[in-house]
């Protein structure tokens with residue numbers, strides 16, 4: 002028999018490392034070629050990686066939750082004679098080219114990963130959050146057929162199983178699980194130096210949370226942020242949406258205010274191309290995009306993701322609303338691909354959906370601006386020297402002062418306001 006070391010493959014453009022989300026095998030397990038092996042998470046996606054070779058697991062070299070760089074050995078397998086890549090002294094067989102190139106030649110890429118049915122001969126495919134949820138509600142994942150990519154079991158599959166279960170075991174299972182969690186928290190408190198008088202608990206950051214923290218730190222440290230704030234009277238926009246909401250529903254489209262804002266922002270990005278650019282300080286250039294993709298920050302139980310609406314300037318209002326709904330559904334079901342989030346020109350973040358007003362959003366690096374939406378609220382305004390009540394939308398724009406000056410930013414906001422205040426103009430311009 003020979004030894005084979007599986008190395009972290011190059012799983013994305015420019016991504017040099019990944020976090021081990023979950024191992025689907027353990028030491029002693031037999032794994033087939035293309036069998037479920039490991040889940041790799043990065044700041045853009047979660048990838049299920051199959052085994053490129055059949056063998057028996059002899060050692061797991063990087064544990065779940067730890068970070069590995071491309072080319073790092075992750076696991077060791079005992080494989081058929083002549084199939085290995087490790088010598089007896091554990092030294093990898095002579096590489097050809099870099100570690101990254103080596104990994105590319107030995108591991109199937111994402112596109113080469115064959116779609117297959119979920120099999121009970123191997124651990125089922127499911128995110129940690131889904132596994133936790135299944136345990137809490139008492140559903141055996143091994144009895145389910147996943148509807149996600151490569152047979153991955155989604156939360157919706159578990160919920161469907163609950164619907165089909167005559168006797169719901171939730172009540173029996175939840176109590177002990179919560180009790181265990183509380184006990185764990187107390188022990189953690191003591192280990193971290195807390196006391197019974199001043200208890201403290203700690204929670205390990207999820208891979209997505211770590212990736213978010215890393216991305217935000219990079220953005221704040223590298224981009225000089227400036228913020229401008231403004232208010233928009235959206236009475237006419239409100240009425241327009243009310244008028245066409247039912248028609249949209251008949252066509253299977255959920256018409257939201259976000260669709261209007263994306264349409265208006267796409268026009269602004271076309272008229273102010275610097276908002277659709279990135280800064281390369283090493284080359285001392287500002288790089289403009291010849292397409293307009295608008296990202297929308299989407300909060301999910303898995304973390305924060307920013308899928309984008311591609312070619313937003315070419316879509317109708319209904320088309321935008323439909324694409325936004327599809328992106329949101331994919332994000333919540335953890336089905337977003339890297340392609341869904343790449344090549345964003347500028348992003349929108351909506352804190353108004355949970356009741357917020359003005360705020361200071363952080364730019365999604367390497368973009369140069371982000372638009373924050375607050376809640377639409379009735380407020381007193383002066384119209385023709387009279388005080389009236391109008392529906393007001395609060396806007397917060399963060400921009401990169403290396404590429405955009407304050408006057409340009411305010412002009413862009415003025416144009417955005419003009420379009421949102423007059424939906425007929427918005428549709429004519431769009």
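Numbering (the numbering used here), first residue to last: 2 to 431. All residues carry an ideal CB built from backbone N, CA and C; glycine is no exception. Remember, it's a predicted structure, so these values are computed and weren't measured experimentally.
Along the alpha helix (DSSP H) that carries residue i, what are the first and last residues, could you check?
i           : result
residue 241 : 236-251
residue 411 : 407-422
residue 318 : 318-333
residue 145 : Where residue 145 is concerned, there is no enclosing alpha helix (DSSP H), given that its DSSP letter is neither H nor E.
residue 209 : 208-223
residue 282 : Premise fails: residue 282 is in no alpha helix (DSSP H) and is neither H nor E.
residue 258 : 258-272
residue 456 : Here the chain has residues from 2 to 431 only, and residue 456 is not among them.
Quick one: is residue i buried, meaning 16 or more other Cβ sit within 10 Å of its Cβ, or exposed?
i           : result
residue 369 : buried
residue 19  : buried
residue 270 : buried
residue 415 : exposed
residue 325 : buried
residue 36  : buried
residue 8   : buried
residue 1   : Missing from the structure shown is residue 1; the chain here goes from 2 to 431 and no further.
residue 257 : buried
residue 241 : buried
residue 110 : Note that residue 110 scores a pLDDT of 43, beneath 50, so its modelled location is shaky; the value from the coordinates is reported in the next line. With fewer than 16 other Cβ atoms within 10 Å, it is exposed.
residue 303 : buried
residue 329 : buried
residue 388 : exposed
residue 23  : buried
residue 278 : buried
residue 432 : As shown, the chain starts at 2 and ends at 431. That puts residue 432 outside it, with no answer to give.
residue 315 : exposed
residue 401 : buried
residue 356 : exposed
residue 74  : buried
residue 248 : exposed
residue 390 : exposed
residue 292 : exposed
residue 317 : exposed
Going along the chain, which residues of its own chain have a beta-carbon closer than 8 Å to the beta-carbon of residue i, five neighbours each way excluded?
i           : result
residue 214 : 206
residue 188 : Any reading at residue 188 must be qualified, since the residue scores a pLDDT of 46, below 50, and its modelled position is unreliable; the value itself is stated next. Within the same chain, residue 188 has no close Cβ partners at all.
residue 426 : 419 and 420
residue 301 : 332, 333 and 335
Across which residues does DSSP place residue i in a beta bridge pair?
i           : result
residue 309 : 296
residue 399 : 228 and 371
residue 7   : 76
residue 351 : 374
residue 500 : No answer is possible for residue 500: the residues shown for the chain start at 2 and end at 431.
residue 131 : Note: residue 131 sits in no beta bridge, so no partner.
residue 70  : 18
residue 53  : Answer by DSSP bridge pairing: none, since residue 53 is not bridged.
residue 394 : 233 and 377
residue 32  : 56
residue 48  : 41
Quick one: what's got a C-beta closer than 7 Å to residue i's C-beta in the same chain, skipping five residues either side?
i           : result
residue 98  : With a pLDDT of only 39 at residue 98, under 50, the local geometry of the prediction cannot be trusted, and the value read off the model is given with reservation. Closer than 7 Å at the Cβ level, and outside the excluded window around residue 98, lies no residue.
residue 342 : 45, 306, 307, 308 and 309
residue 56  : 5, 32, 78, 79 and 80
residue 217 : 363
residue 134 : 156 and 159
residue 223 : 366
residue 361 : 228, 397 and 399
Starting from residue i, follow the beta strand (DSSP E) in both directions and report where the run begins and ends.
i           : result
residue 38  : 37-42
residue 286 : 286-289
residue 60  : 56-61
residue 23  : 18-24
Cutting at 6 Å between CB atoms, please list the residues of its own chain near residue i, excluding the five before and the five after it.
i           : result
residue 334 : 155
residue 232 : 393 and 395
residue 374 : 351 and 353
residue 140 : 159 and 162
residue 412 : none
residue 254 : 319, 322 and 323
residue 230 : 359 and 397
residue 30  : 58
For chain D, find out if any of its Cβ atoms is closer than 8 Å to the Cβ of residue i; answer yes or no.
i           : result
residue 205 : Among the protein chains of the structure shown there is no chain D, as only one such chain exists.
Notebook entry, point to check: Hey, which unbroken runs of the beta strand (DSSP E) at 3 residues or more fall wholly within the stretch 354-388?
Noted result: 370-384
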